[in-house]
Amino acid sequence: MLPVEHPDPIRLSNLKGYEYQRRIAVDNTRAFLDGFEANNMLLYGDRGTGKSSTVKALLNEYAAEGLRMVEMPKEYLRQLPDLTGHLSKVPMKFIVFIDDLSFSDGDDSFAALKAVLEGGLASRPANVVIYATSNRRHLLRETFSAREGDEVHRADTVQEAASLSDRFGLTLTFLMPDKQRFLDIVEQLAADRGLKADRRALLDAAERWALERGARSPRYARQFIADAQARLSRGEPL
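According to my numbering, the residues represented by the sequence shown are 300 to 537, in order.
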């Protein structure tokens, strides 16, 4: 394991929208820290909606209370049982963070994750929870060859991937906001930064920014606000 030299400083207060999802994530993490049984958690949804940022913000919120995080790339999932066994001997609370989780047809690396989540001979240590993000509800990335392959084999693979996602006790869904919610997020971010701009001009510019990129997401809202702040500081129009 290698330390993260420059961790993302994002805080929960920096994240806008998805209040219901974040409240559940906070409650589960709070229960974990307080010594109660906590659920493994899958944060599922569209890109740029703040799934990964939510997990990182939880770490920053509760690090002072002994919460620590180990990020595990998908290619190392076979080592997950060994990792959780090692962490079980450390007197701290750990989130094992798996970002952008998905599996292609024929990929059996989810067996190690499935065993740790639930169903293996060894139980998950009480001081470890697994938080994962994914763009796919059932975690299966289908390929063209898989669609043309043996139907029985494919059905087994789909069922296996579905059973894996079901083993997360909590699944939080982050969908792309509609236009009004996107503009609300823009206004909240602008207020946080103290931007002095005409409201109508700001929102019109934000909508153009989103349309040029083909989506409205909190990530694009943050990028727009950063650009708008720079423009305004130079006396340029939005």
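Glycine residues also receive a C-beta, built at the ideal position from the N, C-alpha and C atoms.
The Cβ-Cβ distance between Lys392 and Phe335 does not fall below 8 Å. Distance between Leu311 and Thr353, taken at the CA atoms: about 7 Å.
Short of 6 Å from the beta carbon of Tyr430, and not among the five residues preceding or following it, lie these beta carbons of its own chain, in chain order: Met340, Val354, Ile394 and Phe396. With respect to the 8 Å criterion, Lys495 and Leu463 are not classified as neighbours on the basis of their beta carbons. Tyr343 sits in a strand when the DSSP states are folded into three classes.
Burial check for Val427: the Cβ neighbour count within 10 Å reaches 16 or more, so the residue is buried. If you compare the alpha carbons of Asn313, Pro372, Pro302 and Tyr343 with that of Phe473, the shortest gap goes to Tyr343. In the DSSP assignment, Ile394 falls outside any alpha helix (DSSP H) and within the unbroken beta strand (DSSP E) covering Lys392 to Ile397. Taking Arg322 as the centre and dropping the five residues before and after it, the same chain places no C-beta closer than 7 Å to its C-beta. One alpha carbon belongs to Phe481, the other to Arg515, and they sit about 6 Å apart. Thr353 carries a helical assignment under DSSP once its states are collapsed to helix, strand and coil. With contacts defined by Cβ atoms closer than 8 Å, Ile524 and Gly316 do not form a contacting pair. According to the DSSP assignment, Ile309 belongs to no beta strand (DSSP E), since it is labelled neither H nor E. About 5 Å separates the beta carbons of Thr328 and Leu357, which is inside the 8 Å limit, making them a contact pair.
Setting aside the 5 residues that flank it on each side, Pro424 is surrounded in the same chain by Thr383, Leu386 and Ser387, each with a C-beta closer than 7 Å to its C-beta; the list follows chain order.
Beta-bridge pairing by DSSP links Ile323 to no other residue. Between the C-alpha atoms of Pro308 and Pro372 there is a straight-line separation of about 21 Å. Secondary structure note for Ser433: its beta strand (DSSP E) is the uninterrupted segment Val427 to Ser433.
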